[in-house]
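One structure below.
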Amino acid sequence: MKTGLSTWAYFWQLSEKAPKPLSLFDAIDDSQRLGATVFQICDYPQIAQWSSGERTRLAEHAARAGITLELGTKGIKPDHLQRYLAIAAELECSLLRTMINSPDHRPTLSEARRSVETVLPAFEQQGVAICLETYEQVPTDDNIALVQAINSARFGICLDPANCIASLELPAEVVAKTASYVLNWHVKDFAFSRRDGWVGFTLAGCPLGEGLLRYDDIYQQIQPQTRGINQIIEHWLPWQGDSETTCRLEAAWTEHNMRYLLDKQNLINASSTQSKESDHVC
1 MKTGLSTWAY FWQLSEKAPK PLSLFDAIDD SQRLGATVFQ ICDYPQIAQW
51 SSGERTRLAE HAARAGITLE LGTKGIKPDH LQRYLAIAAE LECSLLRTMI
101 NSPDHRPTLS EARRSVETVL PAFEQQGVAI CLETYEQVPT DDNIALVQAI
151 NSARFGICLD PANCIASLEL PAEVVAKTAS YVLNWHVKDF AFSRRDGWVG
201 FTLAGCPLGE GLLRYDDIYQ QIQPQTRGIN QIIEHWLPWQ GDSETTCRLE
251 AAWTEHNMRY LLDKQNLINA SSTQSKESDH VC
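Going by UniProt numbering, the sequence shown opens with residue 1, and the numbers climb by one from there.
As structure tokens, then:
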């Protein structure tokens, strides 16, 4: 298991709204500073426009930083997945997160199965897993049905229970349904707050440990350490009114969340060591 960050943790700092936008090289350097060992380039379509040489240089940069790269996109058209498989090779990635739907394609489950089965042998040969993210546009049961139908160790679920709230799926139920199929975990906390005048609610992100994410329960159910499931930090940080304030808060959330997960991991490791020592004494 590795713990790290996504481009979604640098959403505003990578954007053109930032006073001085970060590059992916900068984000990887910052991830290393914070103790990350994996970085997921997710929903960052610019990476497909880079030259092969630029992508290779990024992979080498990440390797020198001790960081494994993962990749993320949307859609499952065979030609699109083949394109990202080639990019994964250049970036030395072994995992591609995607979604059944893309902005211009909403296949049926039968169509989705045919698309995945067309390209899966190439992914398996290259040692790259495909993970379908849980989110509001596709019922979790449909994602699971497709994973079960494909029945491959290289095809599973990217768990993000917060996404499914928008389709009235409870996070705890999403976790319980998908636990045995999870290959990747997007970790972000979230909370509801009342709008002005108590007219409705806003669902937005918050620092880990301050919202509704039941981190310990999810950890126990999916067992990321024993199953080698990487934990990827993301944010839902609303715009704060100006770029400087937003980027500063985003950086603070990123640092807090990495520290939160690393502290959690240290506690888990300490508990495991104590348990083994106790068993040895017995």
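Heads up, the beta-carbon is just placed ideally off N, CA and C, and yes, glycines get one too.
Integer Cβ distance of residue i from residue j, believed to fall under 8 Å
i   : j    : result
T73 : L96  : 7 Å
I87 : A59  : At roughly 10 Å, the Cβ-Cβ gap does not stay under 8 Å, so I87 and A59 are not in contact.
M1  : G228 : 6 Å
Cβ-Cβ distance between residue i and residue j below 8 Å
i           : j    : result
D189        : G211 : yes
D160        : H186 : yes
K177        : T226 : no
I28         : A65  : yes
I130        : Y181 : no
E90         : S52  : yes
L85         : A112 : no
L34         : T254 : yes
L22         : L14  : yes
G179        : I150 : Note on identity: in this sequence residue 179 is Ala, with Gly being the wrong assignment. No, the pair does not count as a contact, with Cβ atoms beyond the cut-off.
P107        : I157 : no
A36         : Q82  : no
residue 346 : N101 : For residue 346 there is no data in the structure shown, the boundaries of the chain being 1 and 282.
Contacts around residue i, its chain only, beta-carbon distance under 8 Å, and the 5 residues preceding and following it disregarded
i    : result
E70  : V38, F39, Q40, I41, C42, C93, S94, L95, L96, R97, N184, N230, I232
W12  : A18, L237, W239, S243, T246, C247, E250
R195 : F201, T202
Q32  : A65, G66, I67
Q10  : Gln is not the amino acid found at residue 10; the sequence shown has Tyr there. Around Y10: L22, A27, D30, E250, T254.
Outcome for residue i when other beta-carbon atoms lying within 10 angstroms are tallied against a minimum of 16
i           : result
P224        : buried
S110        : exposed
P155        : First, the amino acid is wrong: residue 155 is Phe here, not Pro. F155 comes out buried.
A252        : exposed
W8          : buried
E16         : exposed
residue 290 : In the structure as shown, the chain starts at 1 and stops at 282, and residue 290 therefore has no counterpart that could be examined.
S193        : exposed
A270        : exposed
D30         : buried
E234        : buried
L267        : exposed
R114        : exposed
Other residues of its chain near residue i: CB distance less than 6 Å, five sequence neighbours each side excluded
i    : result
M99  : K74, E133
R3   : Strictly speaking, residue 3 in this sequence is Thr, with Arg absent from that position. Answer for T3: Q231, L261, listed in chain order.
V175 : P161, I218, Q221
Q126 : none
G213 : Looking at the sequence shown, residue 213 is not Gly but Leu. Excluding positions up to five away in sequence, the list reads D189.
Residues near residue i by beta carbon distance below 7 Å, same chain, minus five either side
i    : result
E136 : N163, C164, A166, S167
H61  : F25, I28
Residue i at chain C interface by Cβ criterion, 8 Å
i    : result
L261 : Among the chains of the structure shown, chain C does not appear; only one protein chain is present.
Worksheet item: With a cut-off of 8 Å, do at least 3 Cβ pairs link the stretch 206 to 215 to the stretch 254 to 269?
Response: yes
Worksheet item: Given 8 Å as the limit, is there contact between the stretch 111 to 121 and the stretch 165 to 177, that is, 3 or more CB pairs closer than that?
Response: no
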